[in-house]
Every structure is written in C-alpha cells, then in structure tokens.
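Below is one structure, written out as structure tokens; the observations come after it.
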Amino acid sequence: MVFSRSVIYCNQNPRRESSQMLSSTKRAEVALVSVFSGVILIFFLVYCIIDFRDARSDNLLNLQNQTIGMVSWVDRNLDLTKLAMHAVAEGAPSDCQQEEISSIVGRLLRTVAVEEIEVRKHGSTVCVWKPPVDAFFSSGFCQSPRSENTVVLVSAEGGNGVVAVAHADTRCLLTPFLVSQRDARTEVHLAAGFDDETGGRPVRRVVAFPETSWWDAHAEVAVHSAAWPVSVGVSVPETVLLEAWAQRLPVHIGLFAVLGTVCWFGPIAMMRRRISISGQVRGALRRSEFFLLYLPTVEIESGEWVGVEALLRWRTRQFGTLPPSAFIPWLEKSTLIHDTTNWVMTQAAKDLKRLRETNDNIYVGINVPPSQLADERLLDAALTAFGGDGSALNRVMFELTEREMVDYNSAVVQDVVNRLRAHGALIALDDFGVGFSNIACLRSIRVDVIKVDKSFTQALGAQDFGSASQNPALMDMVVKIAREFDVRVIAEGIETKSQLADLQSLGIRLAQGFLFSRPVELDAVVSHIKERQMMAEAS
Ligand code: C2E
Ligand code: MG
Ligand code: MG
C-alpha cells in the first residue's frame with residue numbers, strides 16, 4: 169500500500185486564508201507599484217512642462233537680446249550713414265563730382281549698402297550718385313529680396329544749403345545675423361520707413377509677421393528702433409523651441425531614473441517590505457498578534473495529558489484568526505521562521521512554567537522545520553527561552569515537520585541535534601509517513617518519537633482507502649519500524665473511538681486528536697489538569 173503524493177498535498181496545502189492573504193498582499197504591492205509609477209510619471213510630466221516653459225522663455229529672451237543687437241547694429245550704421253551724408257553735403261562741389269562722393273562713401277560706409285545718393289540744393293536735385301560697381305548686391309551678400317520696406321532714406325544738410333540723401337538698404341545689415349542663426353527655420357523680418365527731412369514725413373513701419381496655422385505656431389519677438397524708423401522681428405517655430413528643449417530630455421530622464429531608483433530602493437522598498445507577508449509577520453511579532461493554542465498528547469490507557477503541542481495562530485485584523493497552514497509553509501521558506509520559532513519558544517517557555525506548577529512531568533512540543541536544525545541559532549534561542557542549564561530542555565520536544573528536503577547527515581545538523589539532546593530535549597519526527605525522508609532521517613539522527621501522520625490514523629477503517637484489514641497492517645508496519653529504531657509512537661488525528669480501539673490493539677500508547685481535545689488555550693489545559701487531579705484525589 170502506497171500513500172499517494174496527493175495525500176501529502178491535501179494535508180499541507182495552504183488554506184483559503186493563505187491564498188486570500190497572498191492575493192491581498194499582491195494586490196497591495198501592485199497598487200503601491202502603480203501609484204509609485206503614476207506619481208513619478210506625473211512628477212516627470214509636470215517637471216518637463218515647467219522646464220520647457222523656462223527653457224522656452226530663456227530662448228525667447230535670448231532671441232530678444234539678439235534682436236535688440238540687430239536693431240542697435242542697424243541704428244549705428246544709419247548714424248554712420250547720416251555722418252557720411254553730412255560729409256557729402258558739406259564737401260560736395262556744385263558739379264557733384266562722382267569720384268569725391270565715391271571716396272567719402274568708400275571711407276565711411278563700408279558696411280552699409282547704399283543704392284544711391286541724391287544731392288539736392290534748394291529743393292531741386294543737383295545730381296545723383298550711384299555706386300560704380302554694386303559691391304553688396306553683386307556679391308550675393310544681400311540675399312533677401314529688396315523691397316521698399318527695407319530702404320531707409322538718410323539725409324543730412326550741409327552748411328551751404330546742400331542736402332545729401334542716401335537710399336540705404338538695411339536688409340544687408342541683417343545678413344550676418346541671418347547667417348549666425350542656428351536654425352534655418354528662424355525668420356528675420358524687417359520693416360523700415362522713410363526719414364526724409366526734405367519734405368516727406370518719416371513713416372514708422374511695424375513688422376508684420378506672416379500668419380501661421382496652429383500646428384505651425386511661431387513665437388515672435390519684435391524690437392523697434394528708438395532713433396530710426398526701423399523695426400526688426402524674429403519669428404521661430406514652436407517646434408524649434410521644443411526641439412531645443414528636447415536636447416535636455418536625456419538629462420531629465422537620467423535625473424528621474426536616478427530619483428526613481430533611489431525611491432524604489434529606499435522608501436518604496438521599505439513600504440513594500442511592510443505590506444509584504446514578511447513585513448506583516450514582523451508587524452505581527454511586534455504587535456503580539458501571534459498566540460499559541462495547545463493540543464494535548466494523551467496516554468491512551470490512563471487518559472492523562474502527558475504533554476501539549478504548541479500550535480501557532482495569527483490574529484489578523486483583515487482575515488480574523490489564521491491557522492498555521494495559511495502562513496507557516498511560506499514562513500518556513502523565509503528567514504523569518506527563526507524569529508517566529510523564537511517567539512513560539514519564548515511564549516511556550518512561559519506557559520510551560522505555569523503548566524509545571526500543576527504537573528511537573530508535562531512536556532511541551534515545539535514545531536520546527538528541520539532546516540532550522542542546520543542553524544546553531546536554534547540551540548541558542550532554545551536555551552535563552554527555556555533557561556541555560558544542562559537540563560533546561562528536558563521538558564521540551566522538538567517536532568520536525570518535513571516540508572522541504574534536508575540533509576540530516578550534515579555535520580551542523582548532527583551537532584545541533586546532539587547538543588539539543590544533551591540539554592535534555594526530545595526529537596520527534598512529525599507527520600511520519602508523508603515527509604520527504606522519514607526513514608533516512610531515522611537512520612541519520614537520533615530520534616525519540618515518531619508522530620504518525622493523521623492520514624494514517626484516519627485511514628483506519630476508511631472504506632475508500634482499501635480493505636479494512638490492510639489499514640491496521642499499515643499502522644502495524646509503522647509500529648514495527650518504531651520498535652526497530654527504538655522510538656516511541658504518538659498517533660495523530662484520532663477522531664473516533666474505533667480508531668482509538670484499532671490503535672490500542674496495535675500497542676500504541678500515546679495519541680492526539682479531536683476525540684480527546686481540540687487545540688485549546690493554556691487556561692483550558694491548566695483547568696483540565698487540575699480537574700483530573702481533583703478527580704484522582706477524590707477517588
Ligand atoms: P502538526 O504539528 O502535525 O499539528 C497537528 C495538526 O493537526 C494541528 O493543526 C491540529 O489542530 C490538527 N489536528 C489534531 N488533531 C486532529 C484531528 O483529530 N483531526 C484533524 N482533522 N486535525 C487534527 P494546525 O494547528 O492547523 O497545525 C497545522 C500544522 O502547522 C502543524 O501540524 C505544524 O506542522 C504546523 N505548525 C503549527 N504551529 C507551528 C509552529 O509554531 N511552527 C511551525 N514551524 N509549524 C507549526
Ligand atoms: Mg507537530
Ligand atoms: Mg503532525
């Protein structure tokens with residue numbers, strides 16, 4: 169007869185509460201991660217919007233300064249032109265010698281493109297000077313098309329009543345600025361008027377920017393000259409400003425990546441730890457949400473409670489009281505099992521003291537995953553809890569439940585077991601028959617008790633398990649193994665009198681099960697023992 173694995177899993181499957189707890193922890197973690205990502209994203213977007221606004225106004229300010237620079241450059245050149253016209257008016261002979269005007273222009277107006285100079289006397293034109301070779305316009309330096317909008321008339325009167333009027337083309341003055349623009353999509357617009365002191369009224373023109381659609385929106389800056397009828401406007405597409413800002417984007421992303429990582433491994437990790445099961449277990453230990461119930465081990469013959477097994481419970485706010493199957497299998501995979509076992513031992517040690525006041529022989533069973541046997545801290549913690557003297561553990565039984573594979577032959581395990589036993593502790597194999605390596609364990613370490621799993625007990629007389637005669641045979645086999653290894657047997661999970669009778673017929677003397685008692689609080693154990701003592705005294 170072979171016990172199928174399903175028996176093991178049925179027995180040890182975490183219960184509904186366990187999966188509820190896991191899924192609620194997962195949900196809380198997912199919510200935390202989503203909120204964190206959302207907050208970081210929103211911060212990032214807000215930061216980008218603010219930074220873009222700052223960068224945009226910086227760029228526009230920069231553009232405005234450039235435009236002011238352009239206007240003052242135009243102003244200076246027109247001032248120079250006025251000076252030159254003054255020289256022409258003063259020095260121009262009545263026959264308007266072209267060479268002389270050319271030499272004045274050549275000396276004073278190297279940067280201004282003058283289309284023509286008209287020399288007038290008493291309102292009528294004396295002569296018109298034209299540049300011999302149009303250096304500016306033929307060189308291609310002035311590329312923007314000429315229009316009336318770009319020509320400024322600059323006039324000056326000499327002492328002799330002669331007026332010289334220059335037609336200065338300002339667009340050429342802006343060429344260096346156009347060349348220096350980093351983006352070809354940046355447009356410079358110019359509006360120039362006439363400053364004609366010979367009769368015409370100066371006209372101030374304002375730059376007219378071309379209309380654009382909303383998807384091709386432009387940022388515009390216009391600066392007017394205070395001295396001359398000139399205004400310069402620069403318009404730059406918003407996309408150019410966006411592109412300029414986008415170059416800083418990798419830095420911002422890097423900054424937020426660092427910030428996000430710091431938060432992720434700092435406060436968020438702390439919060440995740442808190443809401444994770446391990447965090448909740450730590451909190452439970454701190455807030456005393458764990459408590460112990462005791463399941464008696466009964467001497468079948470006398471009905472006396474010879475020992476109690478400490479069974480952990482967790483009183484949670486969210487799920488009520490959780491049985492160990494909801495969290496122990498998970499805890500045993502984490503390092504928190506040490507803290508939990510320590511807590512159980514400390515509490516059980518206090519309770520044992522009280523129990524021994526009524527029955528000095530009673531022992532307490534502590535459930536320990538065998539993996540803890542490979543850790544010397546178990547011995548230290550046991551001695552701290554139960555007292556440090558040589559026989560400190562002689563009323564303690566460590567029950568090893570194999571939910572994971574363990575190497576019982578390892579030197580540390582052997583050492584810890586030997587030292588526990590040297591202090592008087594008993595070692596029991598819990599759930600015998602369904603663990604990973606019960607027999608191997610019996611061979612490797614010295615065991616005092618085997619606790620036959622309740623599935624064996626409950627199979628006694630069960631119709632669907634096989635023929636009734638085979639079931640006692642199975643239990644009989646366990647008893648024989650126990651004798652072989654010279655260990656005592658405790659049968660777990662006795663629920664009916666017929667199971668009890670079967671066990672008795674097999675010679676089993678110790679048992680646990682709901683037939684005797686469910687796990688109860690310490691007070692109930694003390695009361696029961698006292699009652700039994702009173703009854704014994706009375707009879
Ligand atoms: P276990 O050590 O084999 O404990 C016996 C389990 O069987 C207890 O379940 C008990 O309530 C239950 N039981 C006893 N008699 C009967 C019965 O007649 N019928 C039925 N159906 N069940 C019976 P509990 O308290 O839920 O504990 C389950 C397991 O959790 C324990 O099995 C033990 O392996 C583990 N455990 C409990 N407390 C601790 C602890 O403090 N530390 C560790 N590591 N494990 C613990
Ligand atoms: Mg046990
Ligand atoms: Mg058991």
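According to this note's numbering, the sequence shown is numbered sequentially starting from 169.
Built from N, CA and C at the ideal position, the CB exists for glycine as well.
Computed from a prediction, not measured in an experiment: that's the story for all the values here.
query, result
"Look at the Cβ atom of GLU325, then the Cβ atom of ALA257, and state whether they are nearer than 7 Å.", "yes"
"Give a yes or no on whether the C-beta atoms belonging to VAL564 and VAL532 are separated by under 7 Å.", "yes"
"Please specify which runs of the beta strand (DSSP E), each continuous and at least 3 residues long, are wholly inside the stretch 530 to 603, giving them in chain order.", "531 to 536, 564 to 568 and 594 to 600"
"Would you kindly work out how many angstroms separate the C-alpha atoms of GLN234 and ARG353, rounded to a whole number?", "16 Å"
"Output the boundary residues of the alpha helix (DSSP H) element that contains ASP507.", "504 to 526"
"Can you tell me the Cα-Cα spacing of ILE505 and PRO538, whole angstroms?", "11 Å"
"Closer than 7 Å by C-beta to GLU689: which residues in its own chain qualify, once you throw out the five before and the five after it? Chain order, please.", "LEU461"
"Kindly examine ligand 1 and report whether one of its heavy atoms sits closer than 6 Å to the Cβ of ASP598.", "yes"
"How big is the Cα-Cα spacing for ARG589 and ILE595?", "8 Å"
"Assuming the contact rule is C-beta atoms closer than 8 Å, PRO300 and SER270 should be a hit. Round their C-beta distance to whole Å, please.", "7 Å"
"Name the DSSP beta bridge partners of TRP482, please?", "PHE458 and LEU490"
"Quick one: grab the DSSP three-state call for ALA706.", "helix"
"Just to check, is the beta-carbon of PRO491 closer than 6 Å to a non-hydrogen atom of ligand 1?", "yes"
"Using the Cβ count rule (16 or more neighbours within 10 Å means buried), how would you classify GLN701?", "exposed"
"List the endpoints of the continuous alpha helix (DSSP H) containing SER165.", "Residue 165 lies beyond the range of the chain shown here (169 to 707); nothing can be said about it."
"Label ALA621 either buried or exposed according to how many other C-beta atoms from any shown protein chain fall within 10 Å of its C-beta, with 16 as the threshold for buried.", "With the sequence shown as reference, residue 621 is identified as Asp, and Ala is not the correct amino acid for it. So ASP621 ends up on the buried side."
"At what residue ranges does the stretch 219 to 295 contain a whole run of the alpha helix (DSSP H), taking only runs of 4 or more?", "266 to 276"
"Measuring CB to CB, does ASN144 end up less than 7 Å from GLY592?", "Residue 144 lies beyond the residue range present for the chain, which begins at 169 and ends at 707; the question has no answer from this structure."
"Can you name, in chain order, every residue of its own chain whose Cβ lies under 7 Å from the Cβ of LEU547, other than the five neighbours on each side?", "VAL584, ARG587 and LEU588"
"Check the C-beta distance from GLU219 over to HIS357 and give it rounded, since I have them as a contact under 8 Å.", "Reading off the sequence shown, one finds Asp at residue 219, where the question assumed Glu. Not really, about 29 Å apart at Cβ, beyond 8 Å."
"Buried or exposed for MET253, please, with buried defined as at least 16 other CB atoms from any protein chain shown within 10 angstroms of its CB.", "buried"
"Does ALA359 come out as helix, strand or coil in the three-state DSSP assignment?", "strand"
"What did DSSP end up calling ARG440 once you bin it into helix, strand or coil?", "helix"
"Please state whether DSSP places ILE662 in a helix, a strand or coil.", "coil"
"Tell me whether SER685 sits in a helix, a strand or coil according to DSSP, three-state version.", "coil"
"By DSSP, does GLU365 sit in helix, in strand, or in coil?", "Residue confidence is low: GLU365 scores 47 on pLDDT, short of 50, so the model does not pin down where it sits. No coordinate-derived value is stated."
"Between the Cα of PHE653 and those of VAL615, ALA641, MET643 and ASP670, spot the shortest distance and give me the residue it belongs to.", "VAL615"
"Beta-carbon separation of GLU286 and VAL239 under 7 Å?", "no"
"With H, G and I counted as helix, E and B as strand and the rest as coil, what does DSSP make of THR429?", "helix"
"Using 7 Å as the threshold, is the C-beta distance between VAL617 and VAL655 below it?", "yes"
"Using 10 angstroms around the beta-carbon of LEU209, count the other beta-carbons present and answer buried if the total reaches 16, otherwise exposed.", "exposed"
"Going by alpha carbons, who is nearest to LEU342 out of PRO378, ALA281 and GLU379?", "ALA281"
"Check ARG651 in the structure and name its three-state DSSP category.", "helix"
"If contact is defined by three or more beta carbon pairs under 8 Å, each pair taking one atom from either stretch, is the stretch 449 to 463 in contact with the stretch 506 to 514?", "yes"
"So is the beta-carbon of GLU663 under 6 Å away from any non-hydrogen atom of ligand 3?", "no"
"Check whether the stretch 217 to 232 touches the stretch 401 to 420, taking contact to mean three or more Cβ pairs, one atom from each stretch, closer than 8 Å.", "yes"
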